[in-house]
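Chemist: So that we are looking at the same thing, I have put the structure below in structure tokens.
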Amino acid sequence: MKMRLINLIVKKSKNSDKEETMKPAFIIKTLITSLGLLVLFNPSQASAQIIPQPWVSVGGKDGDVTYAVGAKALSVGFEVGTGEDGATGADILKFLRLPVISPYVGVGYYSEDKGVAVSGGIHANATKNIFLGAGYHSVRGFNGQLGIKF
């Protein structure tokens, strides 16, 4: 009888070891699957990327005040602005979509013999419907941006 009881206890402890080693693997698999489904079925990001998000920009370079307006959708932006000495032009921007911030780089062409311009900066979510930005543009200088999300 004692031997039977010992065998039963040993057998039960072996099964409990297997259960404990299986639990972390099951939890990890469940977490990975849940995160994948959350990303796949999260509608707010896709819809937010399709609707254009406009902004205005004010900056300065060499004592001149510079202005621009732009919009972004699907991680691509377009900006039209005036720079130093009355130069006007347009830029194409590429945004990197991150949860709170969106860094960007751009290239454009400006009049008044300014030629090709390069730019870079960052947009950050301030509230649900407003974002703020800061950047540098080779023709328009340092600038601040205020934008709206619909």
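Okay, so the sequence shown: first residue is 16 according to the numbering used here, each after it adds one. We put the CB at the ideal spot given by N, CA and C, even for glycine.
#1: Starting from the C-beta of S90, find all residues in its chain whose C-beta is less than 6 Å away, skip the five residues before and the five after it, and write them out in chain order.
#2: CA-CA distance, N144 and I65?
#3: Buried or exposed for K44, going by 16 or more other Cβ atoms inside 10 Å?
#4: Excluding the five sequence neighbours on either side, which residues of its own chain have a C-beta within less than 6 Å of the C-beta of G123, listed in chain order?
#5: Let me know if F146 comes out buried or exposed under the rule of 16 or more other beta-carbons within 10 Å of its beta-carbon.
#6: Considering only the alpha carbon of each residue, which of I116, E99 and N140 lies closest to V73?
#7: Looking at V71 and A88, is the spacing between their C-beta atoms short of 9 Å?
#8: Check each candidate in F165, Q160 and I137 and name the one with the smallest Cα separation from G170.
#9: Quick check on P114: does DSSP put it in helix, strand or coil?
#10: Return the chain-ordered list of same chain residues with a C-beta closer than 6 Å to the C-beta of D79, the five sequence neighbours on each side being excluded.
#11: Looking only at DSSP bridge pairs, what is I107 linked to?
Modeler: Taking the definition as stated:
#1: F110 and R112
#2: 15 Å
#3: exposed
#4: G104, A105, D106 and A132
#5: buried
#6: E99
#7: no
#8: The displayed coordinates of the chain run from 16 to 165. Any statement about residue 170 would go beyond what the structure contains.
#9: coil
#10: E99
#11: F93 and V122
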